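Quick note, in the UniProt record's numbering, the sequence shown goes up one by one and the last residue is 90. Presented below is the structure to which this report refers.
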Amino acid sequence: MDCTQLTTKQLETLLEQLEPGRQYLMRLEQHVLKSGFPVDDPLRIKVLDLRERSCEVHKLIERLIAARRGHWLGSTWTPGKDDPPEAKQD
């Protein structure tokens, strides 16, 4: 699926649909870390990788939505909180 072809509403819906899975992976990650799995254990590696990828996808979709709404996408951008630096007055 090419996310750039989706409407903003479809992206928002996709984000909502992905959220339970992302939350589950975060809980699973905490369980794996607390359970003392060895650092090189394949399950631990896979869980950490999946959780990291899910967060990357979540951030990408958030940025696509923000870009369509005309928000600045700088490295310190916070949705709904920060204005573009060029819009700030000294």
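Glycine included, C-beta positions come from ideal geometry on N, C-alpha and C. Computed from a prediction, not measured in an experiment: that's the story for all the values here.
In the three-state scheme derived from DSSP, where H, G and I count as helix and E and B as strand, V39 is classed as coil.
By the Cβ neighbour-count rule, L25 is buried, with 16 or more other Cβ atoms within 10 Å of its own. Counted as a single uninterrupted DSSP element, the stretch harbouring L6 is not any alpha helix (DSSP H), since DSSP gives it neither H nor E.
Counting the other Cβ atoms within 10 Å of the Cβ of V47 gives 16 or more, which makes it buried.
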